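Top to bottom, those sequences are chains A and B.
If you use the numbering used here, the first sequence corresponds to residues 170 to 468, in order.
If you use the numbering used here, the second sequence corresponds to residues -7 to 95, in order.
Built from N, CA and C at the ideal position, the CB exists for glycine as well.
As the structure is a prediction and not an experimental result, all values here were calculated from the model.
Just below is one structure, and these are the notes that go with it.
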Amino acid sequence: MNIWNGAGRFNVVTHLQECGIWSVTICLFLCGCAGPSTDDVAEFGKATSKTVTLLKDGASLEHDLAQRSAILLNSCRYLEGRSYRLASARPSEPSKTITEQAKFLEALSGYAGALSEATDPASIAKLKAAASEFSSSAATLVAATPGGVAIPAAGSAIRLVVNSVVNFSEIQRQQAIRQIAAAVNDDLSDGLQLVLNDAENIRQFHLTRMRGWEEAARCNLRIVQKSSSAMATFNAFEAEKRLYVARIIALDSGVTAMGNVLIAHDKIATGTGDLRAAVAELNIFLENVLELKKAIAQQ
Amino acid sequence: VATNSNAAIKLREAFIALAMTYKGGKPQIDKSRIKFSANCIYAEYNAVKQRAPSKTHAEITGKLTIAKGRLERIRDDRTDLENTLINAALIFKTMTNVLNLMK
Chain A
170 MNIWNGAGRF NVVTHLQECG IWSVTICLFL CGCAGPSTDD VAEFGKATSK
220 TVTLLKDGAS LEHDLAQRSA ILLNSCRYLE GRSYRLASAR PSEPSKTITE
270 QAKFLEALSG YAGALSEATD PASIAKLKAA ASEFSSSAAT LVAATPGGVA
320 IPAAGSAIRL VVNSVVNFSE IQRQQAIRQI AAAVNDDLSD GLQLVLNDAE
370 NIRQFHLTRM RGWEEAARCN LRIVQKSSSA MATFNAFEAE KRLYVARIIA
420 LDSGVTAMGN VLIAHDKIAT GTGDLRAAVA ELNIFLENVL ELKKAIAQQ
Chain B
-7 VATNSNAAIK LREAFIALAM TYKGGKPQID KSRIKFSANC IYAEYNAVKQ
43 RAPSKTHAEI TGKLTIAKGR LERIRDDRTD LENTLINAAL IFKTMTNVLN
93 LMK
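Here it is as structure tokens:
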């Protein structure tokens, strides 16, 4: 039977022969589990996913603005009686920074999901149930074996050994998870620095894109000004711009949201502080950002 | 106790706290100052820890993907052990039935 030891796998039987089964069993009682709290990690995963959704809107916004500008420029050409294209491609490539940041956020989301799955209480419970099933069937087999009746303590001995091996392997896994989280901590700090340093460039990029959209929108408004649909068109563009402005303002909270993710992750990596409270604060903050976005759009 | 390790922890905390004050609605000059100061503190943190930070999103993406793979291996390792125990339990049950028939 092979189990995880952080750097790779090792053979349980060999290890038990080296250390002695009883020293392992005693260690299980004394050491306890050094891994992160499974419930807290699951909440961290949920909170990270919200932050990633908030920040990733940068890439969606850029695409929406570029696409709408292309459509509006063509509708303007159509209304002016010039040549136009339907279903035209966006005129320019997305910013490399935004594309790379979106990939980083995707990876962060994947990491948080994997962290959540690796510490999933349900999978740990299933392993313990399998161990229990194994112990019961092994004890029944021993009892059915000729001479098995003569060793009535065999059932509890098997159960003790199997539980020890399963618990020991789980402790190894939890320690490995903590080591991985500790190593990722600095990568996330680097991520925060990049998000901070790119924030203004990305904002300026969005403002430039929005100016392009507005120019195309104004061209349409000018042409339909005398028609009966003028006010409806005006109101539609007005509402559309408010939504874009709200999204740009919400993105400005991305650095703070990323900082909160780091604080929550610190607790997993170092095992200190009240993670539940940190995650709760992060969730409140993100809900406030979403409310802010809605409020701006409705103004 | 004043150690490099404690200094690094404090510098990192200061970097995160300062970066988090970078929000919309602030004058651009304030945002630039926050960015400059946070970068100085972070450079100090990296110097104390003697580490070279990742300079691109792609670099961090790679590291996070590796960490994700290692976590998935841990998850799979647990599932493998569970399956091994379930399969062994089934074999034991079959053997028990055979032994009972032979009695």
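Euclidean distance between Cα positions of residue i and residue j
i: ILE349(A); j: PHE28(B); result: 30 Å
i: ASP68(B); j: LYS47(B); result: 32 Å
i: THR402(A); j: ALA386(A); result: 9 Å
i: ARG251(A); j: GLN20(B); result: 42 Å
i: ALA291(A); j: ALA(-1)(B); result: 39 Å
i: LEU224(A); j: ARG25(B); result: 22 Å
i: ILE417(A); j: TYR34(B); result: 27 Å
i: ILE346(A); j: ALA283(A); result: 10 Å
i: GLU249(A); j: ARG411(A); result: 27 Å
i: ILE340(A); j: ALA308(A); result: 25 Å
i: LYS85(B); j: SER306(A); result: 6 Å
i: ALA326(A); j: ARG65(B); result: 31 Å
i: ILE83(B); j: ALA50(B); result: 49 Å
i: MET379(A); j: LEU234(A); result: 6 Å
i: CYS202(A); j: SER338(A); result: Confidence at CYS202(A) is low in this model, with a pLDDT of 44, below 50, so the placement of that residue should be treated as unreliable; the coordinate-derived value is given next. So the alpha carbons of these two residues sit roughly 11 Å apart.
i: LEU185(A); j: ALA351(A); result: Confidence is the limiting factor: at LEU185(A) the pLDDT is only 40, short of 50, which leaves the residue's position unreliable and the question unanswerable from this model.
i: GLN394(A); j: ARG237(A); result: 20 Å
i: LYS95(B); j: ASN332(A); result: 31 Å
i: THR439(A); j: ALA426(A); result: 20 Å
i: ALA9(B); j: GLY428(A); result: 8 Å
i: THR53(B); j: PRO45(B); result: 13 Å
i: ALA11(B); j: ASP22(B); result: 12 Å
i: ALA470(A); j: LYS265(A); result: Nothing about residue 470(A) can be read from this structure; chain A reaches only from 170 to 468.
Any C-beta of chain A under 9 Å from that of residue i
i: ASP69(B); result: yes
i: THR100(B); result: The structure shown does not extend to residue 100(B), since chain B spans only -7 to 95, so no value can be given for it.
i: ASN75(B); result: yes
i: THR(-5)(B); result: no
i: GLN42(B); result: no
i: ARG25(B); result: no
i: GLU36(B); result: no
i: PRO19(B); result: no
i: LYS60(B); result: yes
i: ASN31(B); result: yes
i: ASN92(B); result: yes
i: ALA80(B); result: yes
i: LYS2(B); result: no
i: ALA(-1)(B); result: no
i: ALA9(B); result: yes
i: ALA39(B); result: no
i: ALA50(B); result: yes
Burial state of residue i, where buried means 16 or more other Cβ atoms lie within 10 Å
i: GLN343(A); result: buried
i: SER261(A); result: exposed
i: GLY214(A); result: buried
i: ILE195(A); result: With a pLDDT of 40 at ILE195(A), under the threshold of 50, the modelled position of this residue cannot be trusted; read the value that follows with caution. Exposed.
i: GLY227(A); result: buried
i: VAL90(B); result: exposed
i: LEU3(B); result: buried
i: SER(-3)(B); result: exposed
i: ASP367(A); result: buried
i: LEU199(A); result: Annotation note: pLDDT 37 at LEU199(A) (below 50); position unreliable, coordinate value reported separately. By the neighbour-count rule (16 or more Cβ atoms within 10 Å), LEU199(A) is not buried but exposed.
i: GLY61(B); result: exposed
i: LYS436(A); result: buried
i: SER304(A); result: buried
i: ALA258(A); result: exposed
i: THR220(A); result: buried
Residue-chain proximity (residue i, chain B), Cβ-Cβ < 9 Å
i: SER240(A); result: A small fix is needed here, since residue 240(A) is Ile in this sequence, not Ser. With 9 Å as the cut-off, ILE240(A) does not count as an interface residue toward chain B.
i: PRO315(A); result: yes
i: GLY428(A); result: yes
i: ILE392(A); result: no
i: GLY282(A); result: yes
i: GLN270(A); result: yes
i: LEU185(A); result: Confidence at LEU185(A) is low in this model, with a pLDDT of 40, below 50, so the placement of that residue should be treated as unreliable; the coordinate-derived value is given next. LEU185(A) does not count as touching chain B.
i: THR220(A); result: no
i: THR377(A); result: no
i: GLU286(A); result: yes
i: ARG342(A); result: yes
i: GLU262(A); result: no
i: ILE437(A); result: no
For residue i, the nearest candidate out of the options (CA to CA)
i: VAL430(A); options: ASP289(A), ALA281(A) and GLU231(A); result: ALA281(A)
i: GLU5(B); options: GLN341(A), SER358(A) and VAL334(A); result: SER358(A)
i: ASN389(A); options: ARG411(A), SER422(A) and TYR247(A); result: TYR247(A)
i: ASN92(B); options: ALA415(A), SER244(A) and THR314(A); result: THR314(A)
i: SER229(A); options: GLY428(A), GLN394(A) and TYR413(A); result: TYR413(A)
i: GLU286(A); options: ASP22(B), ARG70(B), GLY54(B) and MET94(B); result: ARG70(B)
i: ALA298(A); options: MET94(B), ALA81(B), LYS95(B) and ASP22(B); result: ALA81(B)
i: ARG111(A); options: THR222(A), LEU241(A), THR217(A) and VAL335(A); result: The requested residue 111(A) is not part of the displayed model; chain A covers only 170 to 468.
i: GLY423(A); options: GLU74(B), LEU77(B) and LYS15(B); result: LYS15(B)
i: ALA419(A); options: ARG372(A), ILE437(A) and ALA399(A); result: ARG372(A)
Members of the segment 350 to 375 of chain A that neighbour chain B once the beta carbon cut-off is set at 9 Å: ALA350, ALA352, VAL353, ASN354, ASP355, ASP356, LEU357, SER358, ASP359, GLY360, LEU361, GLN362, LEU363, VAL364, LEU365, ASN366, ASP367, ALA368, GLU369 and ARG372
Contact list for the segment 292 to 309 of chain A against chain B, Cβ threshold 8 Å: SER292, ILE293, LYS295, LEU296, ALA299, ALA300, GLU302, PHE303, SER305, SER306, ALA307 and THR309
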